[in-house]
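Notes for the one structure printed next.
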C-alpha cells in the first residue's frame with residue numbers, strides 16, 4: 011500500500027530552463043515527418059503483435075505511429091519464392107508496409123543494416139551493425155520525427171530472445187536519452203528532442219484474456235499497461251484482433267500466411283502488454299484505459315496539466331541497504347517557458363518508509379528528498395517510489411522502481427550475455443532493468459565444473475561469514491562450505507566451488523533446469539540467493555580404426571558409441587506421435603574426421619527444395635549438426651553449424667553452413683561429405699555426414715567440445731516447418747552454444763598448428779538499401795526525412811526532379827536538376843506500389859539532365875516518377891513528380 015506524505019504547503023513557480031515542452035511536438039503541418047508514437051524494432055514483422063494497439067490509438071484518439079526497422083530481414087526464410095539477400099529484404103519491406111498500413115501506419119524507416127543470421131547475442135549484433143552508426147541513425151530519426159512516446163523490444167537477454175531484438179531495445183533506450191542531450195550527436199545539425207515516455211512491448215508475469223486484461227506481474231513495482239485486442243474498429247467493422255490477424259497474414263514470406271482469426275468469444279481474445287522503462291512526464295499511476303500509455307506525452311494529462319509538462323524522478327541508489335538512506339530527486343517544469351503556479355511535490359512511498367524534505371522546487375525546478383529504507387524491507391524485491399506534482403492548474407504523478415539489497419550479496423558466475431546486459435543498463439541509466447533472471451550456468455550430465463561466487467559488501471562495516479551451495483539431489487559441491495573474513499565495505503571477494511552432476515539419470519535440457527541456492531551468513535544475518543543449472547546431455551565419442559562407409563547406413567562396428575535421443579521438442583508444434591517426428595543420432599571419430607549418423611522417423615515429407623536453394627534448411631525436413639570446438643562460445647560466430655537436406659528436387663541430399671563462423675554453401679566446408687537414405691514407402695530418413703575437424707573455426711578441446719544434433723520437421727509443402735526436436739532441446743537453442751550438449755573425444759589431440767582462437771567470422775553484410783526501394787524514396791519525398799536515418803545530401807551536392815516527367819511511346823523523360831556529382835536512382839511507381847520502370851545512372855556534376863527510362867505497359871492514373879539521389883559527398887535527396895503524356 012502506498013501512503014502519501016504532504017511535505018509542502020508553500021507556493022513555487024517554475025520556468026522552463028533548457029528544453030521545449032516534453033513530447034509537445036510542433037503542429038503536424040509544420041513537420042510532415044512527425045509521429046506521436048515511434049516503434050523501434052529489428053526486422054519487418056517485429057511490430058505485428060502490437061498493431062491492434064496502434065490501430066486503436068489512431069482511430070480513437072488520432073494518434074499517429076511510425077515504425078523504425080533496423081534491418082529488412084534479409085536473413086530470414088522465404089516461404090513464397092526464391093528471393094534472398096537484398097531482394098528478400100525489399101520483398102519483406104513491402105509486406106511490412108502493407109501490414110502496418112492496416113493499422114494506419116504510413117511511415118516505415120528502414121536503417122539499411124543487415125539481418126545476418128539468427129543469434130541470441132547482442133554483442134555480436136552490435137558489432138555487425140556498427141552500433142555507433144546505428145545509434146546515430148536512430149537518434150537522428152527521433153529528432154526528425156519528434157515522437158511523444160517510444161515503444162521498443164525487450165532489451166534483456168532472456169532465454170531464447172533474439173540478439174537483434176535485444177540490440178534494437180538497447181539502441182532505442184539509449185536514443186531516448188541521447189536524442190534529448192544537446193551534447194550528443196552535435197554533428198547532425200538537429201535540435202535535441204525529449205520524448206515523453208519509453209516502453210518495451212513485453213511484460214513479465216502471467217496475463218489472461220478478455221476485456222479486463224487480467225495481469226499478475228512477477229514484479230508488482232513494474233508499471234505494466236494492457237490494451238485489449240478485441241476492441242471494435244469502426245473503420246474495419248471487426249475487432250482489432252481480427253485486423254491484426256489479417257496484418258500477420260501479410261508477412262507471407264515468413265510463413266504467417268495461414269495465421270488464424272482470433273477466437274469469436276471476446277473473453278478469449280488476447281491483450282497487448284507493455285512495460286514502462288522510463289518517463290519524463292506526469293501521468294496517472296494505475297490508469298488502465300487503452301490510451302493510458304499516452305497520457306502526459308501524446309495526450310494531455312488527466313489531472314489538467316498541459317501537454318509538455320515535465321516530471322521526472324531519479325534516485326541516488328538503485329539497491330539501497332535496509333536501514334540506509336538515499337536521495338530522491340524530482341524535476342518538474344512547465345511547457346514552452348510557462349509557469350506552474352503553486353507547484354509542489356508530494357512523495358508517495360511504500361508503507362513503513364520515511365522521508366525528509368519540504369517538496370519545494372528550487373531555481374532549477376528540482377525538489378530533493380531523503381528517503382530511509384526500513385530495516386524490515388525485503389531485499390531482492392522491487393518497491394515503487396512515486397511522486398506527485400500539484401499546481402494551481404493541475405496535477406500528475408510519476409514513479410520508478412528500486413530494489414533493496416542485503417548488506418552482503420552473493421552472485422554466482424553468470425553467463426557473459428547477462429553480465430554484458432548489466433554493464434549496458436548501468437551505463438545507460440536503467441539499472442532497474444537488471445537481474446530479472448536467475449544466474450544460470452550449464453553443466454554436462456555426469457560432469458563437473460567450477461562455480462565462482464562473487465561476494466560484495468554493500469554495508470558500512472566489515473563482514474565475515476560463510477558461503478555454501480544448497481544443491482538439489484543428484485549434485486554435489488566441493489568444498490561443502492567456504493569462509494570469508496574481514497570483507498571491507500564496498501569490497502569484493504570470490505568463493506569457488508566445484509559442482510558435479512553425479513546422477514546421470516537426471517533429465518536434461520528442457521527438463522533439466524535445476525534450481526539451487528547460495529546460502530551466506532554475515533553479521534547482518536543469513537540469506538539465500540537463487541541460481542540455476544541447465545543440465546545438458548553429455549557423451550563420449552569413440553575412435554575407430556577405419557572410417558565408416560558414407561552411405562546413410564550404420565554398418566557393423568561403425569558407430570559403437572552411445573545412441574543420442576533427439577525426439578524431444580524444443581520449438582514448434584508437439585509431435586503427435588513417434589511416427590510424426592522422433593529420432594536418434596550416433597557419432598564416431600576416425601582420425602581428424604567426425605562422423606555423425608542421424609535417423610529421423612517422420613510420416614510426411616516436406617518441400618523438396620532445389621539443390622540451388624540449399625539454404626535456410628529449417629523451411630523443410632532437415633538435420634542440423636552444431637559443433638562448438640572449444641565448448642565456450644558466447645555466440646555461434648565461433649562455431650560450426652551445418653544444415654543437411656535429406657533430399658532435393660534433383661534427388662540427392664545437400665548441405666550448407668548456417669549462422670556460424672562462415673555461413674554459405676558446400677564450399678565453406680570443403681572436406682565435408684554427406685549421404686542420405688530415404689525410406690520407401692516413406693517413414694523417415696537417415697542422414698550421414700563426415701565432418702573434417704579441420705573445417706571447424708578453431709582446434710577442438712577434446713575434453714569439452716560443444717555438440718548438438720537437431721531435426722526440423724515439416725509436414726507441408728509451403729516451405730515452412732512445424733516442429734523442431736533435438737538432443738539438447740531448449741527454446742532458441744540453435745543460437746545458444748552454452749546450452750548445447752558436451753562431448754569428449756578420448757585419445758584425440760588436435761594438430762599443434764591448429765589455432766585455439768577461432769578465426770574471424772565471415773558474415774554477409776550486404777543489405778537491401780533504401781536508395782533501391784521506391785517505397786522508401788516515395789516516403790522520403792513526402793515527409794522530407796532522409797533515407798535510412800542518414801544525413802541529407804548537402805545543398806551543393808544534391809539532385810531533384812524539375813517538374814513533371816513526359817511519357818511518350820513507352821519511354822519516360824525526366825528533367826533532373828543537379829548541384830553536384832552522385833548517382834540518380836529513378837523509378838516509375840504506380841499507386842498500387844508496382845515498379846513500372848527504373849534506371850540507375852551516375853551524374854557527373856551540376857546542371858540540368860534529361861534522363862530517359864523505359865516504362866512497362868500503360869501506367870494507371872496517379873503513377874509518379876521517383877528520384878533517389880546518393881550524393882558523392884554523402885547523404886541522399888528524394889523527390890517525386892507527376893507524369894504527363896500517354
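Residue numbers (the working numbering): 11 to 896. All residues carry an ideal CB built from backbone N, CA and C; glycine is no exception. Quantities reported herein were computed from a predicted structural model and do not represent experimental measurements.
* **Limits of the beta strand (DSSP E) - the one that residue 122 falls within** => Looking up residue 122 in the chain shown gives position 112. Unbroken beta strand (DSSP E) run through residue 122: 118–123.
* Assigned secondary structure, residue 303 (DSSP; H/G/I helix, E/B strand, else coil) -> If you number the chain shown from 1, residue 303 lands on position 293. Helix at residue 303.
* In terms of residues, what are the limits of the beta strand (DSSP E) holding residue 282? -> Locating residue 282 in the chain shown gives position 272, counting from the first residue. Note, residue 282: beta strand (DSSP E), 281–289.
* **Element boundaries [alpha helix (DSSP H), containing residue 203]** => Within the chain shown, the letter at position 193 stands for residue 203. From DSSP, residue 203 is part of no alpha helix (DSSP H); its letter is neither H nor E.
* Rounded to whole angstroms, what's the CA-CA distance from residue 639 to residue 490? Just pull it up for me. => Here the question's residue 639 lines up with position 629 in the chain shown. Here the question's residue 490 lines up with position 480 in the chain shown. Cα to Cα, residue 639 sits roughly 33 Å from residue 490.
* To do: Check each candidate in 509, 448, 416, 485 and name the one with the smallest Cα separation from residue 462.
  => As a first step, residue 462 is located in the chain shown; it is residue number 452 there, counting from the start. Measuring from the Cα of residue 462, the nearest candidate turns out to be 509.
* To do: Assuming residue 481 contacts residue 526 (C-beta within less than 8 Å), just tell me the rounded distance between them.
  => On the chain shown, residue 481 is found 471 positions in, with the first residue counted as 1. On the chain shown, residue 526 is found 516 positions in, with the first residue counted as 1. Right, the Cβ-Cβ distance comes to about 5 Å (below 8 Å), so this counts as a contact.
* **Neighbourhood of residue 812 by C-beta distance below 7 Å, restricted to the same chain and skipping five residues each side** => The residue labelled residue 812 in the question sits at position 802 within the chain shown. 825, 826, 827, 858, listed in sequence order.
* Asked: Which one of 56, 474, 894, 268 has the shortest CA to CA distance from residue 175?
  -> Within the chain shown, the letter at position 165 stands for residue 175. If we check each option's Cα against that of residue 175, 56 comes out closest.
* To do: Quick one: measure Cβ to Cβ for residue 644 and residue 202, integer angstroms, because I've assumed they're closer than 8 Å.
  => Here the question's residue 644 lines up with position 634 in the chain shown. Here the question's residue 202 lines up with position 192 in the chain shown. Not quite, the Cβ-Cβ distance comes to about 35 Å (not below 8 Å), so this is no contact.
* Whole angstroms is fine: what's the gap from residue 887's alpha carbon to residue 375's? => Translated into positions along the chain shown, residue 887 becomes position 877. Translated into positions along the chain shown, residue 375 becomes position 365. So the alpha carbons of these two residues sit roughly 42 Å apart.
* Could you tell me the distance, in whole angstroms, from the CA atom of residue 881 to the CA atom of residue 678? => Walking along the chain shown from the start, residue 881 turns up at place 871. Walking along the chain shown from the start, residue 678 turns up at place 668. Rounded to whole angstroms, residue 881 to residue 678 spans 37 Å at the Cα level.
* **Distance between residue 122 and residue 779 (C-alpha atoms, nearest Å)** => For this step, residue 779 is matched to residue 769 along the chain shown. For this step, residue 122 is matched to residue 112 along the chain shown. Answer to the nearest angstrom: the Cα atoms are 5 Å apart.
* Assign residue 300 to buried or exposed, taking buried as 16 or more other Cβ atoms, counted over all protein chains shown, within 10 Å of its Cβ. => Here residue 300 refers to the residue found at position 290 when the chain shown is read from its first residue. Classification for residue 300: buried.
* Best match in 393, 818, 181, 77 for proximity to residue 9 [C-alpha to C-alpha] -> Examination of residue 9 is not possible in this model, given that the chain is present from 11 through 896 alone.
* Exposed unless 16 or more other CB atoms sit within 10 angstroms - verdict on residue 794 -> Within the chain shown, the letter at position 784 stands for residue 794. Residue 794 should be labelled exposed.
* To do: List the whole-angstrom C-beta distance separating residue 899 from residue 464, where the pair is believed to meet the contact cut-off of C-beta under 8 Å.
  => The first residue shown for the chain is 11 and the last is 896, placing residue 899 beyond what the model contains.
* Whose C-beta lies closer than 6 Å to the C-beta of residue 188 among residues of the same chain, with five residues either side of it excluded? -> Walking along the chain shown from the start, residue 188 turns up at place 178. Closer than 6 Å at Cβ, skipping near neighbours: 149, 194.
* Asked: Roughly how many angstroms separate the alpha carbons of residue 601 and residue 451, rounded to a whole number?
  -> Along the chain shown, one-based indexing puts residue 601 at 591. Along the chain shown, one-based indexing puts residue 451 at 441. Taking the straight line joining both Cα atoms gives about 32 Å.
* Asked: In whole angstroms, what separates the C-alpha of residue 336 from that of residue 229?
  -> Counted from its first residue, the chain shown places residue 336 at position 326. Counted from its first residue, the chain shown places residue 229 at position 219. The alpha-carbon atoms of residue 336 and residue 229 are separated by roughly 22 Å.
* Answer with buried or exposed for residue 71, where buried requires no fewer than 16 other C-beta atoms within 10 angstroms of its C-beta. => The residue you call residue 71 lines up with position 61 of the chain shown. That one is exposed.
* Asked: Is there contact between the region 143–158 and the region 789–806, where contact requires at least three CB pairs shorter than 8 Å?
  -> yes
* To do: Out of 787, 743, 141, state which residue places its alpha-carbon closest to the alpha-carbon of residue 170.
  => In the chain shown, counting from the first residue as 1, residue 170 sits at position 160. The candidate whose alpha carbon is nearest that of residue 170 is 743.
* Where residue 21 and residue 785 are concerned, what is the direct C-alpha to C-alpha distance, given to the nearest angstrom? -> Numbered from 1 along the chain shown, position 11 holds the residue referred to as residue 21. Numbered from 1 along the chain shown, position 775 holds the residue referred to as residue 785. Note that residue 21 scores 29 on pLDDT, short of 50, meaning its location in the model is unreliable; the coordinates nonetheless yield the value given after this. Going from the Cα of residue 21 to the Cα of residue 785 covers about 54 Å.
* Asked: At what residue ranges does the region 589–642 contain a whole run of the alpha helix (DSSP H), taking only runs of 4 or more?
  -> none
* **Nonlocal neighbours in the same chain, by C-beta distance under 7 Å from residue 291, ignoring five residues either side** => Indexing the chain shown from 1 puts residue 291 at position 281. For residue 291, where only same-chain residues beyond five positions count, the Cβ hits under 7 Å are 32, 33, 206, 207, 306, 307, 319, 320, 321.
* Asked: Exposed or buried, what is residue 425 when buried is set at 16 or more other beta-carbons lying within 10 Å of its beta-carbon?
  -> One-based indexing of the chain shown puts residue 425 at position 415. Buried, because 16 or more other Cβ atoms sit within 10 Å of the Cβ of residue 425.
* If you draw a straight line from the alpha carbon of residue 273 to that of residue 61, how long is it in whole angstroms? -> As a first step, residue 273 is located in the chain shown; it is residue number 263 there, counting from the start. As a first step, residue 61 is located in the chain shown; it is residue number 51 there, counting from the start. Going by the C-alpha atoms only, they are around 17 Å apart.
* Would you call the CB atoms of residue 641 and residue 711 closer than 7 Å? -> One-based indexing of the chain shown puts residue 641 at position 631. One-based indexing of the chain shown puts residue 711 at position 701. Yes; because the gap between Cβ atoms is below 7 Å, this pair is in contact.
* List the DSSP bridge partners of residue 50. => Looking up residue 50 in the chain shown gives position 40. Residue 50 is bridged to 78, 162.
* **Residues bridged to residue 523 [DSSP beta-bridge criterion]** => As a first step, residue 523 is located in the chain shown; it is residue number 513 there, counting from the start. Paired residues: 544.
* Asked: What whole-angstrom Cβ distance do residue 139 and residue 177 have, given they're in contact under 8 Å?
  -> Mapped onto the chain shown, residue 139 falls at position 129. Mapped onto the chain shown, residue 177 falls at position 167. Contact flag correct, Cβ pair sits at about 7 Å.
* Using beta-carbon positions only, say whether residue 731 and residue 741 come within less than 7 Å of one another. => Sequence index remark: in the chain shown, residue 731 carries index 721 (1-based). Sequence index remark: in the chain shown, residue 741 carries index 731 (1-based). Contact flag unset, no.
* Asked: DSSP state of residue 431, grouped into three classes?
  -> What you label residue 431 is simply residue 421 of the chain shown in a count that begins at 1. When DSSP states are grouped into helix, strand and coil, residue 431 belongs to the helix group.
* Proximity of residue 574 and residue 453 at Cβ, strictly below 7 Å -> Residue mapping note: residue 574 aligns to position 564 of the chain shown, counting from 1. Residue mapping note: residue 453 aligns to position 443 of the chain shown, counting from 1. No; because the gap between Cβ atoms is not below 7 Å, this pair is not in contact.
* For residue 246, which three-state DSSP category applies? -> For this step, residue 246 is matched to residue 236 along the chain shown. Looking at residue 246 - three-state DSSP - the assignment turns out to be coil, as it is neither helix nor strand.
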